[in-house]
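To start, the structure itself, in structure tokens.
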Amino acid sequence: MASWIYIFGVLSLTSLVLIIASGGVLTLKGPGWWHFTGAGHFFNSIHLWAVELFFFFMVIHLWGKYWMAAWRGGRARVWITGAVAFVVAIPCALTGYVSQQNFDSQFISTQAKDAMNAAGIGSFFNLTNLGQMYSYHVLLLPLAVAALVGAHIVLVRKHGIVPPFPLSNVEAASASTAEPASKSDPGSTPAAERAA
């Protein structure tokens, strides 16, 4: 049952822990101090790269589990909580980008505000309001992501990980033809040769 695809869930969780730890340090002195000190630049860089790795690992984990049909065997809630955690993490990252207080964040916030207005939620989710975005980014959305990831982990522990698909007869036959068969043992010949 060993597969490298299982490691990306753990790497996503590790990145999330690093995001929360570095974000906690960044909130200690309020918004903006990380622009003026060496320690602030350091923790801001850790926070940024942890977010980048989190999304990279989470996308691989999500697609890997999608192609493994991870909802099999009564595990639908496990897959749904993971997918919803990914969807909730996207506005969390967006609010983080607009909370940087630099030219990039101003450009992102004005462009995204037009999209939010077009979607009809601009009055509830105003990306040009730093106070609103900062409170969403520091408190509301991280709690939602952490709660969803916690529920996901509890469900994985309860239901177990999804096993890989079993090998079909055709795949088993092609795998056995790759190995030389002993002529003395009729049971070691591939099923396709025995049928012919």
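Residue numbering for the sequence shown follows numbering that gives the first Met the number 0, beginning at 0 and increasing consecutively. In this text, a Cβ means the ideal position worked out from N, Cα and C, and glycines have one as well.
For Y65 and T94, which I take to be in contact (beta-carbon distance under 8 Å), what is that distance rounded to the nearest angstrom? Start at 1 with the first residue of the sequence shown, and residue 65 comes out as number 66. Start at 1 with the first residue of the sequence shown, and residue 94 comes out as number 95. Their Cβ separation, rounded to whole angstroms, is 27 Å, which puts Y65 and T94 out of contact at 8 Å.
Could you check if H60 is buried or exposed, using at least 16 other CB atoms within 10 Å of its CB as the buried criterion? For the purposes of this step, residue 60 is taken as residue 61 along the sequence shown, with counting starting at 1. Buried: at least 16 other Cβ atoms inside 10 Å.
Quick check on the burial criterion: 16 or more other C-beta atoms within 10 angstroms. Buried or exposed for F7? As a working note, residue 7 is residue 8 in the sequence shown. Buried is the call here.
Tell me whether S187 sits in a helix, a strand or coil according to DSSP, three-state version. To locate residue 187, count along the sequence shown from 1; it is residue 188. At S187 the pLDDT is 49, less than 50, meaning the model places this residue with poor confidence; the figure from the coordinates comes in the next sentence. Here S187 carries a helix assignment [DSSP, helix/strand/coil].
According to the neighbour-count rule (16 or more other Cβ atoms, all chains shown, within 10 Å of its Cβ), is V86 buried or exposed? Within the sequence shown, numbered from 1, the residue matching residue 86 stands at position 87. By the 10 Å Cβ count, V86 comes out exposed.
Taking 8 Å as the cut-off, decide whether the C-beta atoms of A49 and V161 are in contact. Your numbering for residue 49 matches position 50 in the sequence shown. Your numbering for residue 161 matches position 162 in the sequence shown. Against a cut-off of 8 Å, the Cβ pair of V161 and A49 comes out as no contact.
Tell me whether Q110 sits in a helix, a strand or coil according to DSSP, three-state version. Position 111 of the sequence shown, counting from 1, holds the residue named residue 110. Helix.
Hey, T109 and T127: beta-carbon distance below 8 Å or not? Residue mapping note: residue 109 aligns to position 110 of the sequence shown, counting from 1. Residue mapping note: residue 127 aligns to position 128 of the sequence shown, counting from 1. Yes. Within cutoff.
Quick one: give me the first and last residue of the alpha helix (DSSP H) that Q131 is part of. Here residue 131 refers to the residue found at position 132 of the sequence shown. Per DSSP, Q131 belongs to the alpha helix (DSSP H) from L129 to S134.
Examine the Cβ distances between the segment 88-107 and the segment 49-58 and report whether three or more of them are shorter than 8 Å. yes
What's the gap between the Cα of K112 and the Cα of G72? Translated into positions along the sequence shown, residue 112 becomes position 113. Translated into positions along the sequence shown, residue 72 becomes position 73. When rounded, the distance between both Cα atoms is 42 Å.
Please report the distance separating the alpha-carbon of L138 from that of V9. Position 139 of the sequence shown, counting from 1, holds the residue named residue 138. Position 10 of the sequence shown, counting from 1, holds the residue named residue 9. Whole-angstrom Cα-Cα distance: 24 Å.
G22 to A114, Cα distance in whole Å? The count along the sequence shown starts at 1 and reaches residue 22 at position 23. The count along the sequence shown starts at 1 and reaches residue 114 at position 115. Each residue's Cα considered, the two are about 27 Å apart.
Outcome for R193 when other beta-carbon atoms lying within 10 angstroms are tallied against a minimum of 16: In the sequence shown, residue 193 corresponds to position 194, counting from 1. Residue placement at R193 cannot be trusted, given a pLDDT of 47 that sits under 50; the coordinates are not used to answer.
Alpha carbon to alpha carbon, how far is F164 from M67? Give it in angstroms, no decimals. By one-based count along the sequence shown, residue 67 stands at place 68. By one-based count along the sequence shown, residue 164 stands at place 165. Spanning the alpha carbons of M67 and F164 requires a straight line of approximately 7 Å.
CB I45 to CB L17, shorter than 8 Å? For the purposes of this step, residue 45 is taken as residue 46 along the sequence shown, with counting starting at 1. For the purposes of this step, residue 17 is taken as residue 18 along the sequence shown, with counting starting at 1. Yes; because the gap between Cβ atoms is below 8 Å, this pair is in contact.
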